[in-house]
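Mapped onto our numbering, the consecutive letters of the sequence shown carry residue numbers 2 to 86.
Beta carbons: idealized from backbone N, C-alpha and C, even for Gly.
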Amino acid sequence: MKRVGRYNVNAYNDTAMFSGNYRYYLVVIDKFTPTNTYIGKKSFYFSYPIAEDEFTRESLDALWELPEYSRITGKKVIWEVRNKQ
Numbered sequence: 002m003k004r005v006g007r008y009n010v011n012a013y014n015d016t017a018m019f020s021g022n023y024r025y026y027l028v029v030i031d032k033f034t035p036t037n038t039y040i041g042k043k044s045f046y047f048s049y050p051i052a053e054d055e056f057t058r059e060s061l062d063a064l065w066e067l068p069e070y071s072r073i074t075g076k077k078v079i080w081e082v083r084n085k086q
């Protein structure tokens, strides 16, 4: 678990979920207010193993806007997703 801004990030790279010929890795983020009040939790699936250190506050803000259980594919910078919606 790593704290990044107002988020806790947990990347589970040791276990992959299979969907057809593809492998997905679970990432769970918890969001808090600036006063540390718990807001909620969302889960996402990445098509590649990702380290908790690779997340930035901006990328987590963009992820939080996506529907829960979204599948993230490719290795593009996560926060760029916001500009493509």
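Fill in: R58, DSSP secondary structure in three states
Within the sequence shown, numbered from 1, the residue matching residue 58 stands at position 57. Helix, per DSSP.
Discussion item. Here's the rule I'm using: 16 or more other beta-carbon atoms within 10 Å means buried, otherwise exposed. How should A12 be labelled?
Written reply: On the sequence shown, residue 12 is found 11 positions in, with the first residue counted as 1. Here A12 is buried: its Cβ has 16 or more other Cβ atoms, across all protein chains shown, within 10 Å.
Worksheet item: Who are the near neighbours of M87 in its chain, counting only those whose CB is closer than 6 Å to its CB and skipping five residues on each side?
Response: This structure leaves residue 87 out entirely; the chain is present only between 2 and 86.
Worksheet item: What does I73 pair with, by DSSP beta-bridge criteria?
Response: Within the sequence shown, the letter at position 72 stands for residue 73. Per DSSP, the beta bridge partners of I73 are F47.
Worksheet item: Do S44 and E69 come within 7 Å of each other at the CB atom, strictly closer than that value?
Response: Walking along the sequence shown from the start, residue 69 turns up at place 68. Walking along the sequence shown from the start, residue 44 turns up at place 43. Cβ atoms of E69 and S44: closer than 7 Å.
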